[in-house]
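Mapping of the sequence shown onto my numbering: position 81 corresponds to residue 84, and the numbering continues sequentially without gaps. Below is one structure; the comments refer to it alone.
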Amino acid sequence: MACLVNTWQDLEPATLDALGDENKLKRAIKAPVYAVGPLVRPVDVNVRRDALDWLDMQPSQSVIYVSFGSGGTLSTKQTIELAWGLELSQQRFIWVLRPPIENNASANIFKTGSTAFDDSSSYLPDGFLTRTHNLGSGCSSSGIAIGWSGDEGGDKKYGEEDDGGRRRI
């Protein structure tokens, strides 16, 4: 048995030393500790490029970036409320949207439940995609959503496809 940690020695030397020193942690971890990081998933370059291209078309400092990272999963109710807030703010936004996972304490850390990005209608307000697509003065859309890179559906997007093959919300 061993304890694998997603980090590397130069990043967290004190932590790794403490985990490996029975005098510091009083043998709380009885197995050897190995730094095996960084472990990262590949990012779909096209999704990232679409978001950057969209950002390049926006006025400076005019876009709200919304992301809770791998440690944050919202419930369906929270996702709907956030969607309403973004829409009613009338502000441009990029939302790194992770499908909600209900009633699972481990959902904040572990990939569980459905990761289907295609059925966003089940966790976004009715008409949200259409309404936010048409918001914004002098811009083609008020927001763009990209999939959370930590799930299998992270390279999928939703919304309406424009002439350049991009999907906009």
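Beta carbons are placed, not taken as given, at the ideal position from N, Cα and C, and that holds for glycine.
Is the segment 32-39 close to the segment 56-72, with three or more CB pairs under 8 Å?
-> Taking a cut-off of 8 Å on C-beta distances, the segment 32-39 does not touch the segment 56-72, as fewer than three cross pairs fall below it.
DSSP beta-bridge partners for V36?
-> Sequence index remark: in the sequence shown, residue 36 carries index 33 (1-based). For V36, which the question treats as bridged, DSSP gives the partners C6.
Secondary structure at A31, three-state DSSP: helix, strand or coil?
-> For the purposes of this step, residue 31 is identified with residue 28 of the sequence shown, where counting begins at 1. The answer is coil: DSSP assigns A31 none of H, G, I, E or B.
Any idea if A5 is buried or exposed, counting beta-carbon neighbours within 10 angstroms, 16 or more meaning buried?
-> To locate residue 5, count along the sequence shown from 1; it is residue 2. Note on A5: under 16 other CB atoms within 10 angstroms of its CB, so exposed under the neighbour-count rule.
If you draw a straight line from the alpha carbon of Q94 to that of D20, how long is it in whole angstroms?
-> Here the question's residue 94 lines up with position 91 in the sequence shown. Here the question's residue 20 lines up with position 17 in the sequence shown. Each residue's alpha carbon lies about 47 Å from the other.
Going by the C-beta, is D56 closer than 8 Å to any heavy atom of the ligand HEM?
-> This structure does not include the ligand HEM; it has no bound ligands of any sort.
Same chain only: Cβ atoms within 6 Å of L127, ignoring 5 sequence neighbours per side | For the purposes of this step, residue 127 is taken as the residue at position 124 of the sequence shown. Once the five neighbours on either side are set aside, the close Cβ partners of L127 are A86.
Sort V66, I83 and T82 by Cα distance to I97 and report the nearest one.
-> Position 94 of the sequence shown holds residue 97. If we check each option's Cα against that of I97, V66 comes out closest.
Between A17 and V43, what straight-line distance do the alpha-carbon atoms span, to the nearest angstrom?
-> On the sequence shown, position 14 is the one that residue 17 refers to. On the sequence shown, position 40 is the one that residue 43 refers to. Cα to Cα, A17 sits roughly 22 Å from V43.
Beta-carbon separation of L22 and G40 under 9 Å?
-> Taking the sequence shown and counting its residues from 1, one reaches residue 22 at position 19. Taking the sequence shown and counting its residues from 1, one reaches residue 40 at position 37. It is not a contact, given that the beta carbons lie outside the stated cut-off.
Pick out whichever of K27, V36 and D24 has its Cα sitting closest to the Cα of N9.
-> As a position in the sequence shown, residue 9 is number 6, starting the count at 1. Here the closest residue by C-alpha is V36.
Taking the alpha carbon of T133 as the point to measure from, which residue in I104, E90, N26 and T79 has its own alpha carbon closest?
-> Within the sequence shown, the letter at position 130 stands for residue 133. Residue E90 is the option with its Cα nearest to T133.
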